[in-house]
Amino acid sequence: MNKPQSFFHLHLISDATGETLLAAGRAASAQYKDARAIEHIYPLIRTEKQVAKVFEDIEEEPGIILYTVVDQKLARGIDERCATMGLPCVSVLEPVLTVFQSYLGTPAGRRVGAQHVLDADYFRRIDALNFTMEHDDGQLPANMDDADIVLIGISRTSKTPTSIYLANRGIKTANIPIVLGVPVPESLVNARTPLIVGLIATAERISQVRQNRILSNTTSYEPTDYVDRAAINEELAYARQICTRHGWPMIDVSRRSIEETAAAIVALRGKNR
9 MNKPQSFFHL HLISDATGET LLAAGRAASA QYKDARAIEH IYPLIRTEKQ VAKVFEDIEE
69 EPGIILYTVV DQKLARGIDE RCATMGLPCV SVLEPVLTVF QSYLGTPAGR RVGAQHVLDA
129 DYFRRIDALN FTMEHDDGQL PANMDDADIV LIGISRTSKT PTSIYLANRG IKTANIPIVL
189 GVPVPESLVN ARTPLIVGLI ATAERISQVR QNRILSNTTS YEPTDYVDRA AINEELAYAR
249 QICTRHGWPM IDVSRRSIEE TAAAIVALRG KNR
């Protein structure tokens, strides 16, 4: 018998964008299937006045507090306020910084938002994102050799979201749809630079996803064939045949999140270098 789902408040206080906290909070929350976090995100908190305003909100809806604040005076204030209120709080970065300091033998620079500086890596990610958007769903197939990775697969195998996730890591990613009976572009077959990966899934999974889409926006399939599992199996067999013929690796995304699929692709890229 399933337990009824409970809810709790999760307060995330950051002196930057809050992305690190959000990822940490969600990773921890995911371990508790019967409890769901109600997230409250407070980004760009850098003054005592801002902290005081945050705690006015927390008093209304108390819960767990996670924070990433590099200013140690502000951090102490958060710890003291939480102790007074009897609420659990964790400085997410502090244990990591302690390990770094111990190993490197020097304290951290304590720069607010240091991971978001406009350096070469930042512009590399922006360039990759622009490339990926320009090469989504088979656009500009002539210059596949400019890509780091090309994802291929039939409709609804998570090609676009996976491509965007990889682009956010600075990896130029194109994606090309496989349509039953239609050969893949010669430019892809002749490409020598990119890692080409086929994304596949079970017919059941693809049918389920397609049923949740507006079929009128899909021009490559008849509506009945679009969600029919027998027809989908034919598409998948054709996709597998193409990948096998060219020696392109395949990843089954049926039970993988976008992040897990991207991690598997990055691992393949490392092996193929």
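Residue 9 is where the sequence shown starts when you use the numbering used here, and the numbers rise one by one after that. We treat Cβ as the ideally placed atom computed from N, Cα and C, and that holds for glycine. All values reported here derive from a predicted model rather than from experimental measurement.
Residue i at chain B interface by Cβ criterion, 7 Å
{"i": "Q39", "result": "The displayed structure is made up of one protein chain only, and chain B is not part of it."}
Candidates the options: closest to residue i by CA position
{"i": "G206", "options": "Q216, A199, P257, N138", "result": "P257"}
{"i": "E102", "options": "Q80, G71, D153", "result": "Q80"}
{"i": "E268", "options": "F15, Y130, P169", "result": "P169"}
{"i": "D135", "options": "G146, D156, D145", "result": "D156"}
{"i": "A293", "options": "F131, G255, R263, D129", "result": "Only positions 9 to 281 of the chain appear in the structure, and residue 293 is not among them; the question remains open."}
{"i": "T210", "options": "D233, D42, V104, L244", "result": "L244"}
{"i": "P185", "options": "E194, S163, N176, P202", "result": "S163"}
{"i": "T76", "options": "R89, V104, Q147", "result": "V104"}
{"i": "L203", "options": "E194, A83, Q219, I179", "result": "I179"}
{"i": "K239", "options": "R218, F139, V100, E68", "result": "Reading off the sequence, residue 239 comes out as Ala, not Lys. Out of R218, F139, V100, E68, R218 has the C-alpha closest to the C-alpha of A239."}
Inter-residue CB distance, residue i and residue j (contact presumed, cutoff 8 Å)
{"i": "D23", "j": "I53", "result": "6 Å"}
{"i": "S166", "j": "T181", "result": "Rounded, the Cβ-Cβ distance is 12 Å, inconsistent with contact."}
{"i": "D260", "j": "I214", "result": "Between I214 and D260 the Cβ distance is about 11 Å, and since that is not below 8 Å, they are no contact."}
{"i": "V59", "j": "G85", "result": "6 Å"}
Secondary structure of residue i, DSSP reduced to three states
{"i": "N183", "result": "strand"}
{"i": "I208", "result": "strand"}
{"i": "S22", "result": "strand"}
{"i": "I250", "result": "helix"}
{"i": "R351", "result": "This structure gives no information on residue 351, because the portion of the chain shown stretches from 9 to 281."}
{"i": "E47", "result": "strand"}
{"i": "S163", "result": "coil"}
{"i": "T226", "result": "With a pLDDT of only 48 at T226, under the threshold of 50, the placement of this residue in the model should not be trusted; the figure read from the coordinates follows. The answer is coil: DSSP assigns T226 none of H, G, I, E or B."}
{"i": "D260", "result": "strand"}
{"i": "S195", "result": "helix"}
{"i": "I172", "result": "helix"}
{"i": "I240", "result": "helix"}
{"i": "I53", "result": "coil"}
{"i": "V190", "result": "coil"}
{"i": "L30", "result": "helix"}
First and last residue of the uninterrupted alpha helix (DSSP H) at residue i
{"i": "Y111", "result": "102-112"}
{"i": "D42", "result": "No alpha helix (DSSP H) holds D42; DSSP gives it neither H nor E."}
{"i": "V274", "result": "266-280"}
{"i": "M93", "result": "80-93"}
{"i": "N290", "result": "What is shown of the chain runs 9 to 281, which leaves residue 290 out entirely."}
C-beta contact flag for residue i and residue j at 7 Å
{"i": "V98", "j": "L74", "result": "yes"}
{"i": "I174", "j": "A270", "result": "Note that residue 174 is Leu in the sequence shown here, rather than Ile. A contact, by the Cβ cut-off of 7 Å."}
{"i": "D144", "j": "T201", "result": "no"}
{"i": "L20", "j": "G26", "result": "yes"}
{"i": "Q13", "j": "R34", "result": "no"}
{"i": "Y246", "j": "L196", "result": "no"}
Residue i, enclosing beta strand (DSSP E) - first and last residue
{"i": "L7", "result": "Given a span of 9 to 281 for the chain in the structure shown, any question on residue 7 remains unanswerable."}
{"i": "V62", "result": "Segment 56-68 is the alpha helix (DSSP H) holding V62; no beta strand (DSSP E) there."}
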